[in-house]
Amino acid sequence: MNVELVLFGAFALLTLLSAGLVILARSPINSAMALVSTFFFLAGIYVLLWAHTVAVVQVLVYAGAIMVLFLFVIMLLNLGESAHRGKPTLSRILGGASAVGLLGVLGITLSRVPAQPANLGPQAQATFGTMASIGQSIFTQWLLPFEAVSLLLLVAMVGAVVVAKSRI
Amino acid sequence: MSRILTMLVAMATIVVALAGGVATAYLVGGFVEAHGFTGASRLTNIVFLMLVFVMIIATLLTLAERKWSAFMQDRVGPNRARLGIPGLKNRSLGGIPHIITDVLKMLTKEDFIPGMANRFLFNLGPLLAFAPVFALFAVVPAGPTVTVLGQKVDMVVATPDFGILYLFAIASLAVYGTALAGWSSNNKFALLGGVRASAQMISYEVALGLSLVGLFLTFSSVQLPALVGDVANALSPATGQGQYLWSTQVFGLDIGIPAWGFIIQPLGFIGFFVASFAETKRAPFDVPEGESEIIGYFVEYSGMKFGMFMISEFVEVVVLAGVTTALFFGGHNLPIFGEALANNAFMQEHGWVYGTILGTVFWLKVLFLIWVQLVIRWTFPRFRYDQIQSLGWKILLPVGLVNVFVTAALVLWDPSLRALGVVGILEIAVFVALTLSKKENSEAGAHGDAHGHDHGHAAPAGAHADPHPSAAGAH
Amino acid sequence: MTLPNITLADFLPLLPALIMVVGASILLLSEVFLSSSASRGYQAVLTVATAVASGLTALGLMFEPPHAVFLGYGVLDPFSSFLTLVVCVGLALAALASVSFLRKRGAERGEFYALMLFASAGMSLLAMSAEFITLFVNLEVLSVATYALTAYLRRGTRPSEAGFKYFILGAFSSAVLLYGTALLYGATGTTKLADMAGPLSQALATAPALVYTGAILVAAGFAFKVAAVPFHMWTPDVYEGAPTPVTALMSAGVKAAAFAAMVRVFLTVGKGMDPHMPLALFSTLALLTMVVGNLLAIPQRNVKRMLAYSSIAHAGYLLLGVAALFVTAPGEHFRILGASALTGGTPLDVARSDALRGILYYLLAYTFSAVGAFALVSALERREDEDKGTAWDLERFSGLAQRRPGWAFAMTAFMLSLGGIPPTIGFMSKLLIFQSAIDVGLVGLTIVAVLSSAAGVYYYLRVVVYMFMRPVPEGAQTLERSWGTEVALVISTVAVVLLGIIPGRVSEWLAHAGTLFGQ
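What follows is the structure, encoded as structure tokens:
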């Protein structure tokens, strides 16, 4: 029983709890806040997986920026608590069934995964997940898709402005 | 005259206190490293940096802010609270007893929760506002790494690989406290404040991150200790902001122009300072509070919960000053004589003395930047919400982008950073010139205006020394 | 630490796309300084100039030897360069047709042309992507740009409906494609197309379901983009609701780029697969698409909708060409044997190269004919009739031959070309595709193709009949002329007629373009 295992257990438990709250909470604001904490604890799990950069970007982008927008919209619209709850509609039954099915498939898959975790080796661990190594692979190996993503973001931005513009 | 004397005494006291604190921190760090386990000094750093330095400065700031605003408005400021100790009974002591009264008031006031408020989130709000701000200082190096009692001791709590991204990530969480406090209070004004806070955050966040990219490019690192750097010594060349752009030796002492952030990255500095000023939610970016219009997101809070909002604001001021010092004002490095000091035999022998001197330099710079923030806070009127958005998106963002491109090109062209330094100094000259030309215009206008209101100065300003003696009243 | 070597030469194949992106950025930035009433005539001119520059660059690149760039994440080969050329042709013609279309609606903005350029840049990049993530991102670049263009004129119900429908279904199909990609990645452990074939054949032995599901999902994602049956449902509504020049660009460019990506993916990855699987897949798709597309087009009285269904049908003929790529035993046809003896390639190579050429030529032919037809539709329609649904009715074409004989002649050329009647470019391209299908032995499928294209002639000629044999209706609106539309019509008419008779240089380029990198 080492520290990492304890931390993983704590983060995993808290992630599950907050994720559960996201769908169980009645008021949208509580849901959003639970989602924020889900992201936060997920970031903790990323750290344990040696993915420091991913972890910090997760907090920065998802918890810090995107969820603020969510919260902003929820507050601005002043969304109330969801009224119809518990009515088993067809889509709910189907959704639940597929969720349970997915859980089953994942469980079976996990039980087949070898118990011995993949060994990165000391050399890989020294640079694995660091800003420098991620930067290196983005700007060499993944240069083309990375630059294409920048184009995609620009197009999406222009497109959003064009569609939202009221003048035309 | 006596006022100036008092100030000098106060300043000397501050320097001595800072030096004492830093020396203690280094010695204790060395002691626990030597007698405890490796890395124990990081734990004592948590205590010294985050609890002692940041918290004490933030607490003192509650008074300093009111005193300085009084000074700028030609008032006396808080001076009524007295200590009941014989000998000090009739002295205002610069208003220091007000801090005690404030604390007592906050602790003893009724902790009121509005009827229809969401109790859980209402209680969570102040915590969410305070905790992230408090954790921010962890990555800021407050002194050099020196050898104390045979052990390497540094003055930083954590040096994660992602460095300053930690700061952005954690700082961006602070807005939840504000927004939730506003929403859960079940008060229209508070909700407005909360919504304004999140809207404001959307306006400055991008510019904030972008303003530092130039600095990262210049020093090829995102870690604050690497950005601060060290001066050249016998073993290694200078790194980070410890470098000189141009230097020469005078009587064996080195003088020159150091490669400090604000010299080589003036645009980045201005962008960062403005954007992070907006992060502190203080005037001129106090739209979420707007005490004269909506009172703010904390209108329903009282007692210690309000106190947490207030202290987190002041902690943010300290952290901002610390981060700006580390990023743009050379951190703990001296502007000149740094190499002479570092290579001095006595200093190399007694690492903690060296650390103490440079640590004190760091905290003095921090105090200077805090003072700058106070001046700004009491000089500018509040921006409108849309003005903040245009500032963030239409001015800071393009300026930041241009800065990134120019910096990248210059660093590529001249890795010694001198080209960057020349461009930076030119930029500063342009700013100064612009400011001066503006000042002449506005002075001419103010001059004509002043005649009409001249008699206003005759009023006994000291008489209304802050009608609300507590900081709570200021909001 | 050794860093992979990326040089300036790697950026060469990006040049056409970069030119378009620069053009788009100039348009976007210049728009900032214009007042809302300022003259914006330069925008279309700039777009066309950019398209021409980009097309010429692509033409120059076509004669570079095929090679991988960016460590195998992209490729430069004549196939992708020719495709970029096709895209540039479509873009230039669509931009010309936009001038009067936008002016009539008071909607001339730099963003419109910029988005067109962005979409075309995405198409060009998609054609050169040789790795799944790159491919997906570029597909999204062109999709997002076309979503926004579809919803560009938000007034009225049709554009909103079209934009929304296209966006939702497009996002869904992208997700399907991505899911298929993920499965293939899971099976092979790489996303590079070139590296996939080897591990794929191993994975096929251990987990065939994974590979087949992945391949089918990827094919379904592409089938949506090219509007193949049964993934065609969105096409008529979106084509009808989108601004007509955008419809032109979509029918020509999006289809061309998606076909290019599909061909590249399945030819490269398919090496590790049992070739019967893609053959069966594309044959089925081709069969369904040809028959259903043509049958559904017959009852349409709305010309824009008819052209939408016709676009589905044409996707079917193209899919026939794609299916021909996957026949492993091309048969002992004398033409192929002769060609293989002449060039030294195996009969399989010759047959593949023929089919590739057929597909490319068909895309070029379809671009000229369809964009020309849409340009004419946009010249005839009026904003006021859109909500009534009569803007594109066949009646509008009544007596066009008496009122604007030039337009009627152009439309006749386009209809004949789309129908595959000599002496047009449409006939030549159909001939090439059908020939290559027959050569490899897909005789049955080709017979269906010929029969269904004969059925198609009915609805194409109906437009011609209306133009020449119906009287001018009472109180018909005056037909305004605009330089942009006229130029577009002249260019496409000349191309449709002339390239059908004397292909000239184009056939030289085409002979060159039948090479796909790694084949």
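Residue numbers (this note's numbering), protein chains in the order written: chain B, 391 to 558; chain R, -12 to 462; chain P, 3 to 521.
Glycine residues also receive a C-beta, built at the ideal position from the N, C-alpha and C atoms.
A quick note: this is a predicted structure, and the numbers were derived from the prediction, not measured.
Under the three-state DSSP convention, the category D395(P) falls into: Looking at D395(P) - three-state DSSP - the assignment turns out to be strand.
Chain B residues whose Cβ lies nearer than 7 Å to that of V143(P): Near V143(P) (Cβ distances below 7 Å), the residues of chain B are A538, L541, L542 and V545.
Contact set between S159(R) and chain B, taken where Cβ atoms lie within less than 7 Å: Neighbours of S159(R) on chain B, chain order: L450, G454 and A455.
I need the DSSP call for H316(P), collapsed to helix, strand or coil. In the three-state reduction of the DSSP assignment, H316(P) falls in the helix class.
Could you check if H278(P) is buried or exposed, using at least 16 other CB atoms within 10 Å of its CB as the buried criterion? Exposed is the call here.
Can you name the start and end residues of the beta strand (DSSP E) that L362(P) belongs to? For L362(P), no beta strand (DSSP E) segment is defined; the enclosing uninterrupted segment is the alpha helix (DSSP H) at P349 to L382.
Which residue spans inside the segment 153 to 206 of chain R form an unbroken alpha helix (DSSP H) run of at least 4? Segments of the alpha helix (DSSP H) lying fully in the segment 153 to 206 of chain R: 175 to 198 and 200 to 206.
Looking only at C-alpha atoms, which of F328(P), F261(P), S312(P) and K390(P) sits nearest to A439(P)? Nearest to A439(P) by C-alpha distance, out of F328(P), F261(P), S312(P) and K390(P), is F328(P).
Could you check what DSSP says for T134(R) in three-state terms: helix, strand or coil? If DSSP states are grouped into helix, strand and coil, T134(R) belongs with the strands.
Kindly indicate which residue of S431(P), A70(P) and V496(P) has the alpha-carbon position closest to the one of S509(P). Taking only the C-alpha atoms, the option nearest S509(P) is S431(P).
Is there at least one Cβ from chain B nearer than 9 Å to M188(R)'s Cβ? Closer than 9 Å: yes.
Of the residues S421(B), A441(B) and L406(B), which one's Cα is nearest the Cα of F431(B)? Looking only at S421(B), A441(B) and L406(B), the smallest Cα-Cα distance to F431(B) is reached by L406(B).
Check whether chain B comes within 9 Å of L122(R), counting only Cβ atoms and requiring the distance to be less than that. Note that residue 122(R) corresponds to Ala in the displayed sequence, not to Leu. Not an interface residue.
Would you call T237(P) buried or exposed, if buried means 16 or more other Cβ atoms sit within 10 Å of its Cβ? So T237(P) ends up on the buried side.
Amino acids of chain B, ordered along the chain, whose beta-carbon sits closer than 8 Å to that of F293(R): Listed along chain B is no residue with a C-beta nearer than 8 Å to that of F293(R); the closest approach is about 21 Å.
Does DSSP put T235(R) in a helix, in a strand, or in coil? Collapsing the DSSP output to three states places T235(R) in a strand.
Taking the alpha-carbon of I493(P) as reference, which of L73(P), E142(P), L453(P) and F416(P) has the nearest alpha-carbon? It is F416(P).
Residues of chain D with a CB under 9 Å from the CB of L467(B): which are they? In summary, chain D is missing from the structure at hand, where the protein chains are B, R and P.
Taking all protein chains shown into account, decide if R67(R) is buried (16 or more other Cβ within 10 angstroms of its Cβ) or exposed. Answer is exposed; the Cβ neighbour count stays below 16.
Is A487(B) helix, strand or coil by DSSP? If DSSP states are grouped into helix, strand and coil, A487(B) belongs with the helices.
Give a yes or no on whether the minimum CB-CB distance between L496(B) and chain P is below 9 Å. Judged by the 9 Å Cβ criterion, L496(B) is not in contact with chain P.
May I have the straight-line CA-CA distance separating V135(R) from M142(R), to the nearest angstrom? Those two C-alpha atoms are separated by around 12 Å.
In the structure shown, what three-state DSSP assignment does P505(P) receive? Under the three-state reduction of DSSP output, P505(P) falls in the coil class, being neither helix nor strand.
Say whether chain R places a C-beta atom closer than 9 Å to the C-beta of V446(B). Yes, its Cβ sits closer than 9 Å to a Cβ of chain R.
Is D387(P) helix, strand or coil when you go by DSSP? In the three-state reduction of the DSSP assignment, D387(P) falls in the helix class.
Could you pull the start and end residues of the alpha helix (DSSP H) that V620(B) belongs to? An answer regarding residue 620(B) cannot be provided, because it is not within the stretch 391 to 558 covered by chain B.
Along chain R, which residues have their Cβ under 7 Å away from the Cβ of T520(B)? For T520(B), the neighbours in chain R by C-beta distance under 7 Å run, in chain order, D148.
Looking at the unbroken alpha helix (DSSP H) that takes in L78(P), where does it start and where does it end? No alpha helix (DSSP H) contains L78(P), which is instead part of the beta strand (DSSP E) from G76 to L78.
For I483(R): DSSP bridge partner residues: Past the boundaries of the shown model lies residue 483(R); chain R is included only from -12 to 462, so the question cannot be answered.
Tell me which residues of the segment 62 to 84 of chain P have at least one Cβ-Cβ distance to chain B shorter than 7 Å, keeping chain order. For the segment 62 to 84 of chain P, the set of positions with a beta-carbon nearer than 7 Å to some beta-carbon of chain B reads F72, L73, Y75 and G76 in chain order.
For T517(P) and P80(P), believed in contact at Cβ under 8 Å, the rounded distance: That belief holds up - the Cβ atoms of P80(P) and T517(P) are roughly 5 Å apart, short of 8 Å.
Following the continuous beta strand (DSSP E) through A70(P), name the residue where it begins and the one where it ends. H69 to V71 is the extent of the beta strand (DSSP E) around A70(P).
For a cutoff of 9 Å on Cβ pairs, would you count V471(R) as touching chain B? Nothing can be reported for residue 471(R): it is not among the residues displayed for chain R, which extend from -12 to 462.
Please state if the CB of A265(R) and the CB of Y163(R) are separated by a distance shorter than 9 Å. The beta carbons of Y163(R) and A265(R) sit no closer together than 9 Å.
Pull up the distance between the alpha-carbon of S289(R) and that of N468(B), whole angstroms please. Straight-line Cα distance between these residues: approximately 25 Å.
Determine the DSSP secondary structure at G432(R), reduced to helix, strand or coil. Bear in mind that a pLDDT of 47 at G432(R), under 50, signals an unreliable position, so the number given afterwards is only what the model happens to contain. In this structure, G432(R) counts as helix in the three-state DSSP scheme.
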